[in-house]
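Each remark here refers to the structure printed beneath this line.
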Amino acid sequence: MRIEEAQTPIREDVKAVCELLGLDPLYLANEGKVVIVVPPDEEDAALAALRAHPLGANAASIGKIGDGEAGRVTMRTRFGGERIVDMLVGDQLPRIC
Numbered sequence: 104m105r106i107e108e109a110q111t112p113i114r115e116d117v118k119a120v121c122e123l124l125g126l127d128p129l130y131l132a133n134e135g136k137v138v139i140v141v142p143p144d145e146e147d148a149a150l151a152a153l154r155a156h157p158l159g160a161n162a163a164s165i166g167k168i169g170d171g172e173a174g175r176v177t178m179r180t181r182f183g184g185e186r187i188v189d190m191l192v193g194d195q196l197p198r199i200c
């Protein structure tokens with residue numbers, strides 16, 4: 104699976120706090136959020152249905168599942184690089200300086 108950082112909806116206030124504390128927003132608790140996987144030909148209909156509800160107004164397609172290594176998630180960064188998105192082990196520690 105490859106996700107696109109530029110397409111991932113993260114609120115500006117969340118980005119700012121994460122930057123300040125040195126945290127990765129991908130690993131924060133996100134109550135009320137969901138990842139839905141649908142076939143490519145159903146993507147537009149799924150997004151339309153989600154966006155029709157007030158709580159789904161920010162629904163977005165953030166990536167694709169391809170022929171990559173099973174179980175591996177990568178992210179294309181805003182700068183065009185690619186990084187592996189590992190499962191979080193333990194807790195994130197804020198930057199204390």
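First residue of the sequence shown: 104, per the working numbering; consecutive thereafter.
For glycine and all other residues, C-beta sits at the position ideal for the given N, C-alpha and C.
Note that the structure is predicted; figures quoted are calculated from it, not measured.
Ranked by Cα distance from residue 191, the first of 132, 123 and 113 is 132. In the DSSP assignment, residue 105 falls within the unbroken beta strand (DSSP E) covering 105-107. The segment 131-190 is shown to contain whole beta strand (DSSP E) runs of 3 or more residues at 177-179 and 185-187, in chain order.
About 4 Å separates the Cβ atoms of residue 166 and residue 106, confirming a contact at the 8 Å cut-off. DSSP places residue 120 within a helical segment (H, G or I) once states are collapsed to three. The segment 181-190 makes no contact with the segment 110-117; the number of CB pairs closer than 8 Å stays below 3.
Note that the C-beta distance between residue 187 and residue 175 is below 9 Å. In the three-state DSSP reduction, residue 110 falls in the helix class (H, G or I). Taking 9 Å as the cut-off, the beta carbon of residue 125 is found no closer than this to the beta carbon of residue 158.
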